[in-house]
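So the protein lines, in turn, are chains A and B.
Just so you know, we're using our numbering here: the first sequence kicks off at 14 and counts up by one.
Just so you know, we're using our numbering here: the second sequence kicks off at 2 and counts up by one.
Even glycine gets a Cβ: it sits at the ideal position worked out from N, Cα and C.
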Amino acid sequence: MKQISSYKLSKATAAPIVIYLAGLFVIPTTAWAHGFAGSRFFPATLTTDDPFVNDELSLPTVSSMVTPDEGGTRDTEVAFDIAKRITPNFGIEMGESIINLKPPGGSSHTGFGNLELAGKYEFLENDEHELILSLGAEVEIGGTGNKRVEADSFSTWGAGLFFGKGFGDLPDTVAFLKPFAVTGLVGVAIPTSASSRIVTIDATSGEHDIDVERHPNVLEWGFAVEYSMIYLQEQVKDIGLKAPFDRLIPLVEFAFETPLNRGEQGKTTGTINPGLIWSGKYFQVGAEAMIPVNTRTGNDVGFIAQLHFYLDDLFPRSLGRPIFGGNK
Amino acid sequence: MNRVIISLLLIGVAGSARLEAHAFLKTAKPAVGSTIQTSPGEVRISFTEKIEPAFSTIQVFDASGKQVDKRDVHVSRSDQSLMVISMPPLQDGIYKVVWRVVSVDTHVTKGSFTFRIVR
Numbered sequence: 014m015k016q017i018s019s020y021k022l023s024k025a026t027a028a029p030i031v032i033y034l035a036g037l038f039v040i041p042t043t044a045w046a047h048g049f050a051g052s053r054f055f056p057a058t059l060t061t062d063d064p065f066v067n068d069e070l071s072l073p074t075v076s077s078m079v080t081p082d083e084g085g086t087r088d089t090e091v092a093f094d095i096a097k098r099i100t101p102n103f104g105i106e107m108g109e110s111i112i113n114l115k116p117p118g119g120s121s122h123t124g125f126g127n128l129e130l131a132g133k134y135e136f137l138e139n140d141e142h143e144l145i146l147s148l149g150a151e152v153e154i155g156g157t158g159n160k161r162v163e164a165d166s167f168s169t170w171g172a173g174l175f176f177g178k179g180f181g182d183l184p185d186t187v188a189f190l191k192p193f194a195v196t197g198l199v200g201v202a203i204p205t206s207a208s209s210r211i212v213t214i215d216a217t218s219g220e221h222d223i224d225v226e227r228h229p230n231v232l233e234w235g236f237a238v239e240y241s242m243i244y245l246q247e248q249v250k251d252i253g254l255k256a257p258f259d260r261l262i263p264l265v266e267f268a269f270e271t272p273l274n275r276g277e278q279g280k281t282t283g284t285i286n287p288g289l290i291w292s293g294k295y296f297q298v299g300a301e302a303m304i305p306v307n308t309r310t311g312n313d314v315g316f317i318a319q320l321h322f323y324l325d326d327l328f329p330r331s332l333g334r335p336i337f338g339g340n341k
Numbered sequence: 002m003n004r005v006i007i008s009l010l011l012i013g014v015a016g017s018a019r020l021e022a023h024a025f026l027k028t029a030k031p032a033v034g035s036t037i038q039t040s041p042g043e044v045r046i047s048f049t050e051k052i053e054p055a056f057s058t059i060q061v062f063d064a065s066g067k068q069v070d071k072r073d074v075h076v077s078r079s080d081q082s083l084m085v086i087s088m089p090p091l092q093d094g095i096y097k098v099v100w101r102v103v104s105v106d107t108h109v110t111k112g113s114f115t116f117r118i119v120r
């Protein structure tokens, strides 16, 4: 494989690239991007992926929660995600995380999770009804993470439908409900391995113990219900909120996984995450509690927090634009 | 990871001289969703960013959907983030203000709100 660092551009190759990059900086066209549908601004949600094709960067997303593994293992993750528009309606995403697992009474292990790649295509946007629909596909590439943090040795493919709907089209008699919006997804994750054999050796007896861990197909579903103070102040009623409260978006996210086969079907896990997002000009910050919905998920409340950059606002003439096709 | 964070901070600092963003409505007069007792001589909307006048509009409609403003929308000379449109004398009723603006970094935003006149 050719190393990127050793690749040298020929003059013939470089000329169009230079012209294109120059064009990115000087050609004035209008830009939407960012999470908009009509007059509705949607923030980037923390737990459930939103339907927008964007230029954005989450760095970092920090989460911590005690899982039932080995009687209560604290799983702490620091994640990095970047999304880039290729065309106005199609974008790619890449994510990586550093994971720390701390079993009760045991020593902790730290390592990388598997690399995640994704693509998303926005196929419907209705401004009047603040509606947006997208299709996405993703892959978690097996073997790219560290086994000590239980990164899978096999890949998992996924596909899903993403949706967003603002309620600004409600009648004026219920105007104070107009700032409500919902985003969410329904998808399926399909591992490339049906099961794994885990061999352990008893230190005293020397006997081999073989466990079979099954990897079912999983239905991934979730949604976020949000109430935008930005929308309230801008579109409904100026109630005199001052900074920073005029940029707050309280929300509750619901994130679930339901195995579909291999003896695990119906054993849903998930969390309900109430929290707050503050959206500024160039970035947003958000924090949520993670409340497990059942003991299969966990027994203690965890948390997730995120710093998220709007690359289309930070770099509107370069990195924050689609590579092809201009802005819509 | 530290190198990535430092690089991003440097990029952000280096690019900060030309930073603009989406224009959101900051304040409006008459205020969003307000009830007033007199007909306003004009509608003024202040945005969070500077506006491109050639691509930005404000329209005001009455309850029947008829456009009632004087169609002279303009950006303030002293404040490029302030848009103003003149209004004729208005009867009591509900009026809808519809705006669509392009900020100087070419981002488009739009929205609408109502105000009510009750004498």
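Nearest neighbour of phenylalanine 167/A, chosen from Ser206/A, Asn312/A, Lys160/A and Gly132/A [CA to CA]:
Mapped onto the first sequence, residue 167/A falls at position 154. Ranking Ser206/A, Asn312/A, Lys160/A and Gly132/A by Cα distance to phenylalanine 167/A puts Ser206/A first.
Below 8 angstroms between beta carbons is the criterion; list the residues of the stretch 219 to 245 of chain A that meet it against any residue of chain B, in chain order.
The stretch 219 to 245 of chain A vs chain B, Cβ under 8 angstroms: Ile243.
Give the interface partners of serine 113/B over in chain A, defined as CB-CB distance under 7 angstroms, in chain order.
Sequence index remark: in the second sequence, residue 113/B carries index 112 (1-based). Taking a Cβ-Cβ threshold of 7 angstroms, the residues of chain A close to serine 113/B are Ser52 and Gln248, in chain order.
I'd like to know whether the C-beta of valine 39/A is nearer than 9 angstroms to at least one C-beta of chain B.
Taking the first sequence and counting its residues from 1, the one referred to as residue 39/A is at position 26. Reliability fails at valine 39/A, whose pLDDT of 36 lies under 50, so the model's placement of it is uncertain and the value that follows must be treated cautiously. Valine 39/A does not count as touching chain B.
By DSSP, does glycine 197/A sit in helix, in strand, or in coil?
Position 184 of the first sequence, counted from the start, is the residue given in the question as residue 197/A. Glycine 197/A falls in the strand class under three-state DSSP.
Other residues of its chain near proline 116/A: CB distance less than 6 angstroms, five sequence neighbours each side excluded
Translated into positions along the first sequence, residue 116/A becomes position 103. Glu83 and Thr86, listed in sequence order.
Near lysine 191/A, what residues of its chain come up, given a Cβ to Cβ distance below 6 angstroms and the 5 sequence neighbours on each side ignored?
If you number the first sequence from 1, residue 191/A lands on position 178. Here the set comprises Phe180, Gly181, Leu183 and Val249.
Would you list, in chain order, the members of the stretch 291 to 309 of chain A that have their beta-carbon closer than 9 angstroms to a beta-carbon of chain B?
Answer set for the stretch 291 to 309 of chain A: Gly293, Lys294 and Tyr295.
Which value, in whole angstroms, describes the spacing of the CA atoms of valine 79/A and histidine 23/B?
As a first step, residue 79/A must be located in the first sequence, where it is residue number 66. As a first step, residue 23/B must be located in the second sequence, where it is residue number 22. Answer to the nearest angstrom: the Cα atoms are 39 angstroms apart.
Pairwise C-alpha distance: valine 61/B and arginine 72/B:
Here residue 72/B refers to the residue found at position 71 of the second sequence. Here residue 61/B refers to the residue found at position 60 of the second sequence. Those two C-alpha atoms are separated by around 9 angstroms.
Distance check for alanine 256/A and arginine 98/A, CA to CA, integer angstroms please.
Sequence index remark: in the first sequence, residue 98/A carries index 85 (1-based). Sequence index remark: in the first sequence, residue 256/A carries index 243 (1-based). Rounded to whole angstroms, arginine 98/A and alanine 256/A show a C-alpha spacing of 31 angstroms.
Segments assigned beta strand (DSSP E), at least 3 residues, entirely inside the stretch 204 to 284 of chain A
For secondary structure counted as the beta strand (DSSP E) over 3 or more consecutive residues, the stretch 204 to 284 of chain A holds these complete runs in sequence order: 208 to 214, 221 to 227, 231 to 240 and 261 to 272.
Let me know if proline 90/B comes out buried or exposed under the rule of 16 or more other beta-carbons within 10 Å of its beta-carbon.
Position 89 of the second sequence holds residue 90/B. Label assigned to proline 90/B: exposed.
Considering just the uninterrupted stretch of the alpha helix (DSSP H) at aspartate 94/A, what are its terminal residues?
In the first sequence, residue 94/A corresponds to position 81, counting from 1. Where aspartate 94/A is concerned, there is no enclosing alpha helix (DSSP H), although the beta strand (DSSP E) around it starts and stops at 86 to 100.
Since glutamate 53/B and serine 87/B should fall inside the 8 angstroms C-beta cutoff, what is the C-beta to C-beta distance between them, to a whole number of angstroms?
Locating residue 53/B in the second sequence gives position 52, where the first residue counts as 1. Locating residue 87/B in the second sequence gives position 86, where the first residue counts as 1. Cβ-Cβ separation between glutamate 53/B and serine 87/B: approximately 20 angstroms, too far for a contact (criterion under 8 angstroms).
At a cut of 8 angstroms, does the stretch 214 to 230 of chain A reach the stretch 138 to 154 of chain A through at least three beta carbon pairs?
They do not touch, by the three-pair rule.
Partners in chain C for leucine 26/B, counting only beta-carbon separations shorter than 7 angstroms:
The structure shown has no chain C; the protein chains it does contain are A and B.
Member of Ser52/A, Ala202/A, Asn127/A and Met107/A whose CA lies at the smallest distance from the CA of phenylalanine 269/A
For the purposes of this step, residue 269/A is identified with residue 256 of the first sequence, where counting begins at 1. For phenylalanine 269/A, the closest alpha carbon among the candidates Ser52/A, Ala202/A, Asn127/A and Met107/A is that of Ala202/A.
Apart from the five residues on each side of it in sequence, which residues of its chain come closer than 6 angstroms, Cβ to Cβ, to valine 109/B?
Position 108 of the second sequence, counted from the first residue, corresponds to residue 109/B. Non-local beta-carbon contacts of valine 109/B in its own chain, meaning distances under 6 angstroms to residues more than five positions away in sequence, involve Val103 in chain order.
Check each residue of the stretch 27 to 46 of chain B: if its Cβ is closer than 8 angstroms to any Cβ of chain A, include it; give the result in chain order.
Taken in chain order, the members of the stretch 27 to 46 of chain B whose beta-carbon sits within less than 8 angstroms of a beta-carbon on chain A are Thr28, Ala29, Ala32, Val33, Gly34 and Ser35.
Quick one: is alanine 188/A near chain B, going by C-beta distance under 9 angstroms?
Position 175 of the first sequence, counted from the start, is the residue given in the question as residue 188/A. Cβ-Cβ to chain B under 9 angstroms: yes for alanine 188/A.
Sorted by chain position, which residues of the same chain lie with C-beta nearer than 6 angstroms to leucine 83/B's C-beta, five sequence neighbours on each side aside?
As a working note, residue 83/B is residue 82 in the second sequence. Cβ within range, chain order: Ser47 and Ser77.
According to the Cβ coordinates, are leucine 72/A and methionine 107/A closer than 9 angstroms?
Position 59 of the first sequence, counting from 1, holds the residue named residue 72/A. Position 94 of the first sequence, counting from 1, holds the residue named residue 107/A. Taking 9 angstroms as the Cβ cut-off, leucine 72/A and methionine 107/A do not qualify as a contacting pair.
Within the chosen definition, does the stretch 62 to 69 of chain A reach the stretch 285 to 304 of chain A through at least 3 CB pairs nearer than 8 angstroms?
Flag = no, the stretch 62 to 69 of chain A and the stretch 285 to 304 of chain A do not touch.
Can you grab the Cα-Cα spacing for the pair aspartate 259/A / glutamine 246/A, in whole Å?
Counting from 1 along the first sequence, the entry for residue 259/A is found at position 246. Counting from 1 along the first sequence, the entry for residue 246/A is found at position 233. If you draw a straight line from the Cα of aspartate 259/A to the Cα of glutamine 246/A, it comes to about 7 angstroms.
For tyrosine 134/A, which residues in the same chain have their Cβ closer than 7 angstroms to its Cβ, ignoring the five residues on either side in sequence?
By one-based count along the first sequence, residue 134/A stands at place 121. Contacts found: Asn102, Phe103, Ser147 and Leu148.
Pull out every residue of the stretch 252 to 266 of chain A whose Cβ sits closer than 7 angstroms to any Cβ of chain B, in chain order.
Listed by position, the residues of the stretch 252 to 266 of chain A near chain B (Cβ gap below 7 angstroms) amount to none.
Helix, strand or coil at histidine 108/B according to DSSP, with G and I counted as helix:
Here residue 108/B refers to the residue found at position 107 when the second sequence is read from its first residue. Look at histidine 108/B here: in three-state DSSP terms it is strand.
Let's test the definition: count the other Cβ atoms within 10 Å of the Cβ of glycine 36/A and tell me whether it reaches 16, buried, or not, exposed.
In the first sequence, residue 36/A corresponds to position 23, counting from 1. Only weak support exists for where glycine 36/A lies, its pLDDT of 37 falling under 50; the value from the coordinates is given anyway. Of the residues assessed, glycine 36/A falls on the exposed side of the cut-off, its CB having fewer than 16 other CB atoms within 10 angstroms.
Nearest to leucine 59/A by CA position, among Ala150/A, Asn159/A, Ala302/A and Gly51/A, is which residue?
Here the question's residue 59/A lines up with position 46 in the first sequence. Taking the Cα of leucine 59/A as reference, the smallest distance to any Cα among Ala150/A, Asn159/A, Ala302/A and Gly51/A is reached at Ala302/A.
Tell me where the beta strand (DSSP E) around leucine 114/A begins and ends.
Stepping through the first sequence from its first residue, residue 114/A is reached at position 101. Its beta strand (DSSP E) spans residues 103 to 115.
Taking a contact to mean a Cβ-Cβ separation below 9 angstroms, would you say proline 56/A touches glycine 299/A in this structure?
Along the first sequence, one-based indexing puts residue 56/A at 43. Along the first sequence, one-based indexing puts residue 299/A at 286. For proline 56/A and glycine 299/A, yes; Cβs fall inside 9 angstroms.
In chain order, each beta strand (DSSP E) run of at least 3 residues that lies wholly inside the stretch 115 to 143 of chain A:
Segments of the beta strand (DSSP E) lying fully in the stretch 115 to 143 of chain A: 122 to 125 and 129 to 139.
Quick one: measure Cβ to Cβ for phenylalanine 322/A and glutamate 69/A, integer angstroms, because I've assumed they're closer than 8 angstroms.
Stepping through the first sequence from its first residue, residue 322/A is reached at position 309. Stepping through the first sequence from its first residue, residue 69/A is reached at position 56. Between phenylalanine 322/A and glutamate 69/A the beta-carbon gap is near 7 angstroms, inside 8 angstroms, which marks them as a contact.
In three-state terms, what does DSSP make of glutamate 83/A?
Along the first sequence, read from residue 1 onward, the residue named residue 83/A stands at position 70. Helix.
Residues of chain B with CB closer than 8 angstroms to the CB of proline 184/A, please, in chain order.
Translated into the one-based positions of the first sequence, residue 184/A becomes position 171. Contacts between proline 184/A and chain B, judged by CB atoms closer than 8 angstroms, are missing: the closest CB pair is about 12 angstroms apart.
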